[in-house]
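For the sequence shown, my numbering gives the first residue as 85, with consecutive numbering after it.
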Amino acid sequence: MKKITQYLIQWQLHTMVRGSEAVGAKWSEIDFENKLWNIPAERMKNKFTHSVPLTAQALSLLNAIKPISGYREYIFPADSDPRNHTNGQKLNAAIKKMGYKGNSITHDLRSLASTILNKQGFEHDVIRATLAHVDSNEVRRSYNRTDFYHSRRKLMNWWSNHIDKSLVKSLFISCSSVVTHEYFSVVELEYD
């Protein structure tokens with residue numbers, strides 16, 4: 085699997101955006117100073133601008149990607165024509181090659197995030213705002229105009245740290261014949 089595809093999978097996991105939003109990410113949408121990714125309304129399913137708080141892990145991914153595509157418009161350029169963004173099906177195909185059997189992979193990543201965040205007790209409204217879900221109740225939506233920015237930033241930091249812990253667990257499990265039992269008792273990673 086190409087490095088840029090690996091970065092795309094990680095980018096979508098860490099940012100919890102839809103597949104089309106992930107593949108269409110532009111360098112001009114990234115605000116490094118404020119650690120935000122500002123996705124314009126025309127690229128969002130709900131047609132509202134969405135600001136994604138960027139965690140240290142997401143910013144680290146961007147720094148790793150910069151030498152590959154930092155001089156291009158799109159963070160994830162297409163192989164065939166780097167003036168365009170990569171195809172969203174590339175993400176699905178890469179994850180399927182890793183053995184995943186689901187139908188809607190990019191949606192399943194968001195569902196996974198929502199499930200884990202709800203299980204951890206994060207507020208439902210904050211999770212919905214993080215996933216850029218618009219409240220279907222028009223009255224409630226007209227009275228509640230907050231974007232839950234600070235709460236979303238805390239949630240995003242927790243989520244990125246959770247991903248890191250999960251990757252470490254996966255690495256240790258796959259290398260279990262090399263890692264000693266004593267090391268596992270010291271590391272104490274929580275299993276979900």
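For glycine and all other residues, C-beta sits at the position ideal for the given N, C-alpha and C.
Just so it is clear, the structure is predicted and the values come from calculations on it, not from any experiment.
- With respect to the 8 Å criterion, Gln141 and His191 are not classified as neighbours on the basis of their beta carbons.
- Counting the other Cβ atoms within 10 Å of the Cβ of Gly103 gives 16 or more, which makes it buried.
- Scanning the region 100-132 from its first residue to its last, the whole beta strand (DSSP E) runs of 3-plus residues come out as 120-123.
- CA-to-CA, the gap between Lys131 and Asn202 works out to about 25 Å.
- Approximately 5 Å separates the beta-carbon atoms of Asn122 and Ser135; this is inside 8 Å, confirming the contact.
- Spatial neighbours of Lys129 in its own chain (CB-CB distance under 7 Å, excluding positions within 5 residues in sequence) are listed in chain order as Arg102.
- Taking a C-beta distance under 8 Å as the contact criterion, Ala178 and Thr89 qualify as a contact pair.
- Take Pro124, set aside five residues on each side of it, and the residues of its chain with a beta-carbon closer than 8 Å to its own are Glu113, Thr133, in chain order.
- Its chain contains Thr89, Leu92, Ile93, Gln96, Gly103, Ala106, Val107, Ile189, Thr190 as the residues whose beta carbon lies nearer than 8 Å to that of Leu175, once the 5 sequence neighbours on both sides are disregarded; these appear in chain order.
- The C-alpha of Phe232 lies about 28 Å from the C-alpha of Leu251.
- The three-state reading of DSSP puts Pro166 in coil, since its state is none of H, G, I, E or B.
- In terms of CA proximity to Ser198, Met100 leads the group Met100, Met85, Lys86.
- The continuous alpha helix (DSSP H) containing Pro151 extends over residues 140-153.
- Rounded to the nearest angstrom, the gap between the Cα atoms of Glu207 and Arg236 is 10 Å.
- In this structure, the CA atom of Ile247 is about 19 Å from the CA atom of Lys180.
- Boundaries of the alpha helix (DSSP H) around Gln173: 172-181.
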